[in-house]
Amino acid sequence: RVFDSSFPEAHINIHYKAESECFKDLLNEKARLILVTRQLLDSEKPLYEHKKILTQSLELAQDAVAVIVNPTAEDSMLSVSQIEGILTGQYKKKYTVVFDNQGSSTLRFITDSLLKKEKLGPNVYAAKGNDSVVDYVSKNPDAIGFIGVSYISDYSDPNTKHFLQKVKVASVMNDSSLQFYQPYQMYIGLKFYPFTRKLYFILNEPSPRLGTAFVNFLAKERGQLIFKTSGLVPMRVSVVFREANINK
């Protein structure tokens, strides 16, 4: 919206899809630009080369996966190994695990970075979007959900406060420091929070056109400020973290 208002003659057509569908659209040349949480895999590059698709990519921001639980849940401070046990169905307490979509970046990130070769347990389900994850966890004490951090950290969005009244954001232990962290911007930027990832653009545009202009907007100060407001950590501008005291 900010880009369109700044350049009235330009208009970006946005489609919100699962990450796996974004890569399909890029490969099939249905999209010139995708915003995703991973680069092209080495195994994927020959497919693009075969179709003579030359891509450019760069990281724009640091993102994270938030773990949400029911407000009455006893387990609101979890280690990475405990979360692994919950996902594989081997934890002492049986949880119903909910992701936003079967082909989502959140599910892919957790399985790739945490489970490695282990399989998800029969207690893991895909919902119909982040709203459904929050709704299910808020109504089920034995449920645990995984969603993108921007969904619960954009305080300029009225829905964020509403969601945070319905669920509780769990703290996750950093195995190196043995300290628990929630996905606040500073902890994401310093990678104290374990489930930190990057947001990339991947562009297929042989000559500079609208996609290139939009990428330049995202990588410069105004676009980076929007990422910051949404709870992500900008990566194309300098970010300074300062300690502060609160006087009551």
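If you use our numbering, the sequence shown closes out at 264, no skipped numbers anywhere.
Even for Gly, the Cβ is constructed at its ideal location relative to N, Cα and C.
Since this is a predicted model, take the numbers as computed values, not measurements.
For residue j and residue i, the rounded distance between their alpha carbons
i, j, result
"alanine 34", "asparagine 263", "44 angstroms"
"serine 22", "glutamate 221", "22 angstroms"
"serine 154", "histidine 178", "11 angstroms"
"leucine 248", "isoleucine 204", "8 angstroms"
"aspartate 58", "valine 85", "36 angstroms"
"glutamate 134", "isoleucine 242", "37 angstroms"
"arginine 252", "tyrosine 64", "27 angstroms"
"alanine 229", "leucine 74", "14 angstroms"
"serine 254", "phenylalanine 196", "26 angstroms"
"lysine 67", "arginine 124", "25 angstroms"
"aspartate 91", "asparagine 156", "14 angstroms"
"serine 223", "aspartate 151", "44 angstroms"
"lysine 144", "glutamine 181", "21 angstroms"
"lysine 61", "arginine 238", "32 angstroms"
"tyrosine 32", "leucine 43", "17 angstroms"
"lysine 244", "glutamine 55", "22 angstroms"
"isoleucine 69", "glutamate 45", "8 angstroms"
"proline 24", "lysine 236", "19 angstroms"
"valine 185", "serine 36", "26 angstroms"
Of the listed residues the options, nearest to residue i (C-alpha basis)
i, options, result
"proline 210", "Val253, Met93, Ile242 and His31", "Met93"
"asparagine 146", "Gln78, Tyr167 and Leu131", "Tyr167"
"serine 97", "Leu219, Leu56, Leu194 and Lys236", "Leu194"
"glycine 119", "Glu90, Tyr141, Leu131 and Ser254", "Tyr141"
"alanine 14", "Thr71, Leu226 and His66", "Nothing about residue 14 can be read from this structure; the chain reaches only from 17 to 264."
"valine 83", "Thr228, Thr53, Ser169 and Arg54", "Ser169"
"cysteine 38", "Leu51, Ile28 and Leu103", "Leu51"
"glycine 101", "Ile28, Glu90 and Leu130", "Leu130"
"isoleucine 30", "Ala47, Pro250, Ser36 and Glu90", "Ala47"
"serine 246", "Lys236, Asn156, Leu63 and Gln78", "Gln78"
"threonine 88", "Val183, Lys68 and Asp41", "Val183"
"threonine 104", "Asn117, Leu63 and Pro138", "Pro138"
"serine 95", "Asp191, Leu234 and Phe233", "Asp191"
"methionine 189", "Lys207, Gln181 and Leu180", "Lys207"
"serine 187", "Ile99, Thr228 and Lys244", "Ile99"
Buried versus exposed, by CB contacts within 10 Å (16 or more), residue i
i, result
"phenylalanine 257", "exposed"
"glutamine 198", "buried"
"alanine 80", "buried"
"alanine 260", "exposed"
"glutamine 240", "buried"
"isoleucine 163", "buried"
"arginine 213", "buried"
"valine 231", "buried"
"proline 250", "buried"
"glutamine 265", "In this structure the chain extends from 17 to 264, so residue 265 is not present and cannot be described."
"tyrosine 107", "buried"
"leucine 234", "buried"
"valine 18", "exposed"
Integer Cβ distance of residue i from residue j, believed to fall under 8 angstroms
i, j, result
"tyrosine 216", "leucine 76", "7 angstroms"
"threonine 122", "leucine 136", "Between leucine 136 and threonine 122 the Cβ distance is about 13 angstroms, and since that is not below 8 angstroms, they are no contact."
"valine 149", "aspartate 116", "5 angstroms"
"threonine 71", "isoleucine 218", "5 angstroms"
"aspartate 20", "isoleucine 28", "7 angstroms"
Inset, instruction - Report yes or no: do the segment 97-114 and the segment 145-164 share at least 3 C-beta pairs separated by less than 8 angstroms? - result: yes
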